[in-house]
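Below: one structure, written as structure tokens.
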Amino acid sequence: MQLEHTVVKTAPHPFQRTGRPFGGVINDLKHRLPYYLDDFRQALNFQCFTSILYLFFANFASAVAIGDVLGKKTDEWFGVSEILVSHALAGVVWGLFAGQPLCIVAAVGPFMVLEDSIYQVGSLIPIF
50 MQLEHTVVKT
60 APHPFQRTGR
70 PFGGVINDLK
80 HRLPYYLDDF
90 RQALNFQCFT
100 SILYLFFANF
110 ASAVAIGDVL
120 GKKTDEWFGV
130 SEILVSHALA
140 GVVWGLFAGQ
150 PLCIVAAVGP
160 FMVLEDSIYQ
170 VGSLIPIF
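Numbering (our numbering), first residue to last: 50 to 177.
So, in structure tokens, the structure goes:
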């Protein structure tokens, strides 16, 4: 009687040190790569699409509101279009690499206060 041995390949523990720079990130990408295409296919499902559409408009509305207020505070140096571009870029990067594509990455009140403070300090320095 012979015993058959099967070897099951499992992902390494996420907190195990690999000994190389970004080794954990590389391991995560290797094990997540087969599911990327399926994730995008599932986004075309009607139920997922309605959630995506809802979150898009919720994010868009807050971006326009914060961009308008920020535009008034910075004399239109940083306004709605810049906020929309930054939301789009941050959302795409987050969606592709975070494994959680429906998270809202948005500019909020503290960001607006920081940008206003930077603008006020910058306007005191006569560069332009």
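Just so you know, even glycine gets a beta-carbon here, dropped at the ideal spot from N, CA and C.
Owing to the predicted nature of the structure, the values given are computational and were not obtained by experimental measurement.
- In the DSSP assignment, D117 falls within the unbroken alpha helix (DSSP H) covering F95 to K122.
- I75: member of the alpha helix (DSSP H) spanning G72 to A92, first to last residue.
- For F127, the three-state secondary structure derived from DSSP is coil.
- The C-alpha of D88 is placed about 14 Å away from the C-alpha of S100.
- In this structure G128 does not touch L138 by the C-beta definition: roughly 16 Å separates them, more than the 8 Å allowed.
- By the neighbour-count criterion, in which a residue is buried when 16 or more other Cβ atoms sit within 10 angstroms of its Cβ, H136 is buried.
- Residue burial annotation: G68 is exposed, with fewer than 16 other C-beta atoms found within 10 angstroms of its C-beta.
- Y168 and K121 do not touch by the CB rule: their CB atoms are close to 11 Å apart, not below 8 Å.
- Ranked by Cα distance from G144, the first of A92, F64, P70 and V170 is A92.
- Under the three-state reduction of DSSP, G171 is assigned to helix.
- Comparing C-alpha distances from E131 to each of G72, S172, P70 and A114 shows the shortest one belongs to A114.
- Straight through space, the alpha carbons of C97 and N108 are spaced by roughly 16 Å.
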